[in-house]
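Report on the structure given below.
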Amino acid sequence: MGVLVAIYVLAQSIIFMTRAWKRGKEIGLSTEKMKAAAISSGTFSIVPSIPIVLSLLTLAATLGVPYAWTRLTVIGSMVYEVTAAEAVASAGNISGDLSVFAAAMWVMAIGIMIGPIFNLFGLKKYQSGIKKLRGKNSAWAEILIAALFMGMISALGSKEIAKGGVALLTLFSGAVLMGIFGLIINLTRAKWLESFALPISMIGALALAVLYVSLGMV
Numbered sequence: 000m001g002v003l004v005a006i007y008v009l010a011q012s013i014i015f016m017t018r019a020w021k022r023g024k025e026i027g028l029s030t031e032k033m034k035a036a037a038i039s040s041g042t043f044s045i046v047p048s049i050p051i052v053l054s055l056l057t058l059a060a061t062l063g064v065p066y067a068w069t070r071l072t073v074i075g076s077m078v079y080e081v082t083a084a085e086a087v088a089s090a091g092n093i094s095g096d097l098s099v100f101a102a103a104m105w106v107m108a109i110g111i112m113i114g115p116i117f118n119l120f121g122l123k124k125y126q127s128g129i130k131k132l133r134g135k136n137s138a139w140a141e142i143l144i145a146a147l148f149m150g151m152i153s154a155l156g157s158k159e160i161a162k163g164g165v166a167l168l169t170l171f172s173g174a175v176l177m178g179i180f181g182l183i184i185n186l187t188r189a190k191w192l193e194s195f196a197l198p199i200s201m202i203g204a205l206a207l208a209v210l211y212v213s214l215g216m217v
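Throughout the sequence shown, residue numbering follows numbering that gives the first Met the number 0, covering 0 to 217 in sequence.
Set out below in structure tokens:
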């Protein structure tokens, strides 16, 4: 099943890439420019996909490779999938209880549908509202969006803060690494680093977590 889903997604990508290439020819783009854009896009897609691979490894331990792979191949989100699985796992043993495993599948499948449904019926209204707000007060619009994002991050990170120990140290380490990347990007105007900041910070935080455990900082 997972293989069929992956083939379907790859087929879509090939179709859109073919149509984009034809359209580029129609509007007068040179072959060299389109090749350069394709190579650049492919290169910059590798590192940002590392968080997805890490979340796959995390989920595969409890949900198995087929379901985790199918989820993250199509519509899954690293943050959502892990959070949803952990929420259901707190009620029982996913690996040993089929009812808990089935509940995790339903929670992950139904919960992720909210995004596409909202985009279908409410995205235009949301975008028009943000556009109007930016027209009236762009600074307040940026603050509002940043506050919404930070609220989401705080809700997810509060569990790790409550755990303390290695979980808290790992969270803090990841935040510090992201902060360092933010300073480098702002000071050097290296916007291309934005795509690499999250995956590298995650890998760095994981490496530091291993170090913390080896040092007995549990």
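Built from N, CA and C at the ideal position, the CB exists for glycine as well. Predicted model only: the values in this text are computed from it and were never measured.
Beta-carbon separation (whole angstroms), A84 vs T61, contact threshold 8 Å: Rounded, the Cβ-Cβ distance is 7 Å, consistent with contact.
Nearest residue (CA-CA) to A86, options M104, R70 and L71: For the residues M104, R70 and L71, the minimum Cα distance to A86 belongs to M104.
Element boundaries [alpha helix (DSSP H), containing I49]: Looking at the DSSP string, the run of the alpha helix (DSSP H) that includes I49 is I49 to L62.
With a threshold of 16 other CB atoms inside 10 Å of the CB of A36, please say whether the residue is buried or exposed. Per the 10 Å Cβ criterion, exposed.
Nearest-angstrom Cα distance between G23 and S12? Distance between the alpha carbons of G23 and S12 is about 16 Å.
Find the nearest neighbour of M107 within the set G121, K123 and A88, judged by alpha-carbon distance. Taking only the C-alpha atoms, the option nearest M107 is A88.
Do you know how far the Cα of I152 is from the Cα of I26? I26 and I152 have their C-alpha atoms roughly 42 Å apart.
Using only CA atoms, which one of M16, G114 and G164 lies nearest to L207? It is G164 whose Cα lies nearest to the Cα of L207.
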